[in-house]
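Engineer: There's a structure below that I have some questions on.
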Amino acid sequence: MFSNGLSIFAIIISAVAAYYTYQQSELLKKQYEKQQELEKELKSYAIVIGSETDENLSKNIQNGEIIHFSFSNGSNKPVPYKVEVKSEGIGLYLDKGQPDKAYFNYPLNSKRATLIQPNGEPYRGTFSLWSFKVPSPTAKVSIWVNGEETVSYSYKYNQKTKHYDYMSE
């Protein structure tokens, strides 16, 4: 009888321990989910494209034209930005002189990210676009921030004017 009572007591203790372990795991799971939400919120940021960017890229592009662009930090905390310009069908170059090498992916701050303060000075960049000897019938230029495409503009080559005409989407 004593061993039966001891067995029942051991079963009760095991059940209580299992219930306690289950409660702890549920609590830990909820804490982990909240932590993930907070980390996601901390990593989130907003990019506000400058009006000069849209003005300079949503128009017809001449060969060798220098493009100025800017964007601001629309979030409430400083954010480090790594900026790249990518193209398809047209070459990217620095904004100085005649090109000697074409790029399709050009990092503007490849050494380290640029920290942009909220409501502070916007990020500014420049590049130039040059068509190839045999121009591509279509071209696309996009600006990427922290590995995500921020804006994209498409063009169609115009044989008469020898420019790329902007194609609104």
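With the sequence shown counted from 1, adding 125 to any position gets you my numbering. Cβ atoms here follow ideal geometry from the backbone N, Cα and C, with glycine treated the same way.
(1) Quick one: what does DSSP say Thr-286 is sitting in, helix, strand or coil?
(2) Which of helix, strand or coil does DSSP assign to Tyr-144?
(3) Between which two residues does the beta strand (DSSP E) containing Glu-213 stretch?
(4) Going by DSSP in three states, Tyr-170 sits in which element: helix, strand or coil?
(5) Please classify Glu-209: is it buried, with 16 or more other beta-carbons within 10 angstroms of its beta-carbon, or exposed?
Structural biologist: Reading it off the structure:
(1) coil
(2) helix
(3) For Glu-213, the enclosing beta strand (DSSP E) begins and ends at 208 to 213.
(4) If DSSP states are grouped into helix, strand and coil, Tyr-170 belongs with coil.
(5) Buried.
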